[in-house]
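Sequence order for the protein chains is B and U.
Position in the first sequence (from 1) plus 195 gives the number in our numbering.
Position in the second sequence (from 1) plus 1 gives the number in our numbering.
Cβ atoms here follow ideal geometry from the backbone N, Cα and C, with glycine treated the same way.
Everything on this sheet refers to the single structure shown next.
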Amino acid sequence: MNKIVKIIFLDILKNKIVLAYMLMLAVLSWSSFALEDNTAKGLLTILNVILFTVPLVSVLFATIYIYNSTEFIELLLSQPVKRKKIWVGLFTGLSLSLVIAFLLGSGIPLLIYSADSVGFMMIVVGCLISVVFAALAFLSSILTRDKAKGIGISIMLWLYFALIFDGIVLFLLFQLSDYPIENAMVGLTALSPIDLARIQILLHLDVSAMMGYTGAIFRDFFGTTMGLVASFLLLCLWAFIPFMISLKKFKKKDL
Amino acid sequence: MWICEKICVLIMIEIKSLNKKFGKLQILKDVSVSCKKGECIALIGPNGCGKTTLIKSFLGMVIPDSGSVEFEGKSVLGEFQYRDRIGYMPQIGRYPDNMTIGQVIEMIKEIRQSDETLDKDLYEAFKIEELSDKKMRTLSGGTTQKVSATLAFMFNPDVLILDEPTAGLDPLASELLKEKIIKEKEKGKLILITSHLLSELDDLITEIIFMQEGNIHFHKTVEQLKAETGEQKISKAIAYVLKNNQKPNEP
Chain B
196 MNKIVKIIFL DILKNKIVLA YMLMLAVLSW SSFALEDNTA KGLLTILNVI
246 LFTVPLVSVL FATIYIYNST EFIELLLSQP VKRKKIWVGL FTGLSLSLVI
296 AFLLGSGIPL LIYSADSVGF MMIVVGCLIS VVFAALAFLS SILTRDKAKG
346 IGISIMLWLY FALIFDGIVL FLLFQLSDYP IENAMVGLTA LSPIDLARIQ
396 ILLHLDVSAM MGYTGAIFRD FFGTTMGLVA SFLLLCLWAF IPFMISLKKF
446 KKKDL
Chain U
2 MWICEKICVL IMIEIKSLNK KFGKLQILKD VSVSCKKGEC IALIGPNGCG
52 KTTLIKSFLG MVIPDSGSVE FEGKSVLGEF QYRDRIGYMP QIGRYPDNMT
102 IGQVIEMIKE IRQSDETLDK DLYEAFKIEE LSDKKMRTLS GGTTQKVSAT
152 LAFMFNPDVL ILDEPTAGLD PLASELLKEK IIKEKEKGKL ILITSHLLSE
202 LDDLITEIIF MQEGNIHFHK TVEQLKAETG EQKISKAIAY VLKNNQKPNE
252 P
C-alpha cells in the first residue's frame with residue numbers, strides 16, 4: 196500500500212498543479228486576513244474559498260488525474276498487486292496531497308490569525324471537504340470510460356452541491372414557509388457536504404443570529420456536541436460511501 | 002496416486018467453460034483450455050476472436066461472466082499473488098507518460114520485491130540502460146515493446162505470456178527476443194504466445210491453440226497437426242485446416 200501511495204504522491208508533487216493550488220490558497224487566505232481589519236470578515240472570505248474553490252479543484256484535479264492514471268493502473272494490474280490496494284493507494288495519495296496543499300495554503304494563516312475553535316474547525320472542515328470531493332471524483336470516473344463524460348459528471352456534481360442545492364433549499368424554504376419545516380431543513384442539509392460544512396462554520400461565527408428562526412433550530416441541533424459529532428460523521432460518510440461504491444465497481448472492472 | 006500428483010503438478014493453467022460478454026458481444030463462448038509446464042503454446046486466430054480477452058481473464062484484468070480460471074489448481078478470481086510468477090508482455094504496452102524508462106523499471110522492481118537475481122539478458126541485449134532517461138511518452142512503438150519484453154522476462158517468471166511479441170520490433174530485436182524465448186523454453190517454462198506471423202513460430206512452439214469467434218477451434222501438438230495435414234510448415238498446415246474447414250459452409 197505505502198509503495199503505491201508514495202509513487203502517486205511523488206508523481207503529484209512533480210505535476211506542480213497541486214503546488215499552484217497551494218500557492219493560490221495561500222495568497223487568498225493571507226490577503227483576506229490582511230485586507231480586512233476584522234478577523235471574522237476574513238474568516239467569512241476564507242469560508243467562501245473553502246466552499247467553492249476547494250471542492251472544485253479537488254473534484255476536477257482528482258478526476259483528470261484518475262483518467263490519466265489508466266496506464267499506471269493497467270501496468271500494476273499485471274503485477275502481483277491486489278486490485279483494492281491500487282484503488283485505495285490512488286485515493287490515499289490523491290487525498291493526502293490535496294489535504295496537505297490545503298493545510299499549507301490555508302491552514303497556516305488560519306492558525307496564525309484565528310487560533311481558536313473557529314479557525315480549527317475551518318481547517319478540519321476544509322480537509323474533510325477535500326477528501327469528500329476526491330471521493331466523488333473517484334465515483335464519477337469509475338462510472339464511465341469516457342474522459343470527457345467523467346469530467347462532465349464531476350463538474351455537474353460540483354455545480355449541484357455548490358449552487359443548485361442551495362437554490363433548491365431556498366426555493367423549498369419560501370414555498371413551504373407556512374409549514375413547520377425547520378426540522379426537515381436540518382435533515383435536508385445532510386444531503387450536501389458543502390451545506391454541512393457551511394452551517395457548521397456559520398454557527399461558530401456568531402452570524403447565525405442573522406439566519407432567523409431556522410438559524411435557531413440549526414443552533415439547537417448543530418450547536419450541541421451531539422450535533423457537532425453527527426455532522427462530522429455525516430461528512431465522513433460523504434467521503435466513505437462514494438469511495439466504497441467506486442471501489443466495488445473497480446473490483447469488477449475490465450481493463 | 003503418484004500419477005495423479007504428477008499430472009496435477011504438470012497442469013499450470015486450467016480454464017473451464019469460460020464465458021465473457023462485452024455489452025451484447027459474446028467474446029468468449031464456453032472456452033476450456035489446459036496448459037502444462039514446459040509447453041510452448043501458440044494462440045492463434047483472426048482479429049477479434051478473443052485471444053487477448055482470454056489472456057486478460059487469466060491475468061485477472063478481465064473478470065469472466067462465468068466459468069473458472071485456475072493456476073496450479075487454485076482459482077485466480079480475487080487472487081493476486083500468483084501474478085508474481087507470471088511475466089506478461091501486452092500487445093500495446095501502455096505506461097505512465099511522464100515516467101522515464103528507468104523509473105518504470107525501478108517501480109516494478111520495488112513492487113515485485115523479488116529476492117531472486119534479476120534476469121538482465123534482454124535489458125542488456127536491447128541496450129535499455131542507454132535509453133533509461135527517456136520519457137515513456139517519447140518512445141516509438143518498437144522501443145515500448147522492448148521495454149515490455151524486458152519487464153516480462155526480468156523476474157524469472159514460471160509462466161510467460163507474450164501478446165504479439167514481435168509486432169513492431171525490428172528484425173534484429175525480434176531475433177534477439179526469439180532466442181530468449183527459446184532459452185526460457187529450454188528451462189521448462191510455460192510459454193504462451195499469440196501471433197499472426199506464423200512463419201516466425203516454426204522453431205519455437207510445441208502446441209497450437211486455434212481460436213475462432215470466441216471458441217477454441219482446435220488444440221493440438223505441432224506434430225499431430227503436421228501429421229494430419231501432411232505439411233511441413235505451420236503456416237501451411239493452418240491454411241490447409243482452414244480451407245478444408247470452410248468447404249462445408251459453401252453452397
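Chain U contact for residue i (CB, 9 Å cutoff)
i, result
"Arg-278(B)", "yes"
"Lys-344(B)", "no"
"Gln-395(B)", "no"
"Ser-264(B)", "yes"
"Asp-341(B)", "no"
"Leu-386(B)", "no"
"Ile-202(B)", "yes"
"Leu-223(B)", "no"
"Lys-209(B)", "yes"
Proximity test, residue i beta-carbon vs the ligand ADP heavy atom, cut-off 8 Å
i, result
"Leu-428(B)", "Because no ligand of any kind appears in the structure shown, any question about the ligand ADP cannot be addressed here."
Same chain only: Cβ atoms within 7 Å of residue i, ignoring 5 sequence neighbours per side
i, result
"Gly-142(U)", "Gly-169"
"Phe-72(U)", "Met-13, Ile-14 and Tyr-83"
"Leu-352(B)", "Val-254, Leu-331 and Ser-335"
"Lys-447(B)", "none"
"Asn-210(B)", "none"
"Gly-321(B)", "Ile-245, Val-249, Phe-297 and Ser-301"
"His-218(U)", "Phe-211 and Met-212"
"Phe-435(B)", "none"
Pairwise C-alpha distance: residue j and residue i
i, j, result
"Glu-208(U)", "Phe-328(B)", "52 Å"
"Ile-281(B)", "Ile-268(B)", "7 Å"
"Glu-251(U)", "Ala-240(U)", "Bear in mind that a pLDDT of 42 at Glu-251(U), under 50, signals an unreliable position, so the number given afterwards is only what the model happens to contain. Their backbone Cα atoms lie some 17 Å apart in a straight line."
"Phe-445(B)", "Lys-110(U)", "25 Å"
"Ile-182(U)", "Phe-154(U)", "9 Å"
"Trp-433(B)", "Tyr-260(B)", "21 Å"
"Asn-197(B)", "Gly-284(B)", "7 Å"
"Ile-337(B)", "Asp-232(B)", "46 Å"
"Leu-291(B)", "Phe-204(B)", "8 Å"
"Ser-76(U)", "Ser-325(B)", "39 Å"
"Lys-238(B)", "Ala-221(B)", "Checking the sequence, you will find Leu at residue 238(B) rather than Lys. About 14 Å."
"Leu-386(B)", "Asn-99(U)", "39 Å"
"Gln-92(U)", "Phe-127(U)", "18 Å"
Other residues of its chain near residue i: CB distance less than 8 Å, five sequence neighbours each side excluded
i, result
"Thr-101(U)", "Ser-133, Asp-134, Lys-135, Lys-136 and Met-137"
"Leu-178(U)", "Leu-123, Ala-150, Pro-166, Thr-167 and Leu-170"
"Ile-412(B)", "Glu-377, Asn-378, Met-380 and Val-381"
"Arg-278(B)", "Leu-272, Phe-445 and Lys-446"
"Thr-230(U)", "Lys-237, Ala-238, Tyr-241 and Val-242"
Test: residue i CB closer than 9 Å to a CB of chain B
i, result
"Glu-185(U)", "no"
"Met-108(U)", "yes"
"Met-100(U)", "yes"
"Ile-194(U)", "no"
"Phe-211(U)", "no"
"Val-105(U)", "yes"
"Pro-91(U)", "yes"
"Asp-31(U)", "no"
"Pro-166(U)", "no"
"Ile-87(U)", "yes"
"Pro-97(U)", "yes"
Cβ neighbour criterion (16 or more within 10 Å) applied to residue i
i, result
"Gly-88(U)", "buried"
"Gln-146(U)", "buried"
"Thr-144(U)", "buried"
"Phe-366(B)", "exposed"
"Leu-218(B)", "exposed"
"Gln-233(U)", "exposed"
"Gln-225(U)", "exposed"
"Glu-201(U)", "buried"
"Ile-202(B)", "buried"
"Pro-172(U)", "exposed"
"Pro-1(U)", "Residue 1(U) falls outside the range modelled here, since chain U spans only 2 to 252, and no answer is possible."
"Leu-78(U)", "exposed"
"Glu-131(U)", "exposed"
Beta-carbon contacts of residue i that lie in its chain and below 6 Å, excluding the five residues immediately before and after
i, result
"Ser-261(U)", "There is simply no residue 261(U) to check, as chain U begins at 2 and stops at 252 in what is shown."
"His-220(U)", "Ile-210"
"Leu-143(B)", "Any answer about residue 143(B) is impossible in this case: the structure gives chain B only from 196 up to 450."
"Leu-323(B)", "Leu-430"
"Ala-257(B)", "Leu-289, Ala-329 and Ala-332"
"Ile-199(B)", "Gly-284"
"Pro-65(U)", "Leu-19, Lys-21 and Ser-58"
"Leu-242(B)", "Ile-396"
Residue-chain proximity (residue i, chain C), Cβ-Cβ < 9 Å
i, result
"Gly-88(U)", "Absent here is chain C; the protein component of the structure consists of chains B and U."
Any residues in the region 58 to 70 of chain U with a beta carbon nearer than 8 Å to a beta carbon of chain B? Which ones, in chain order? Along the region 58 to 70 of chain U, going in chain order, the ones with a CB nearer than 8 Å to a CB of chain B are Leu-60, Gly-61, Met-62, Val-63 and Ile-64.
Just by C-beta distance, which residues in the region 110 to 137 of chain U are closer than 7 Å to chain B? Glu-111, Ile-112 and Arg-113
Closer than 8 Å, Cβ to Cβ, to anything on chain B: give me those residues from the region 141 to 163 of chain U, in chain order. Within the region 141 to 163 of chain U, no residue has a Cβ that lies closer than 8 Å to any Cβ of chain B.
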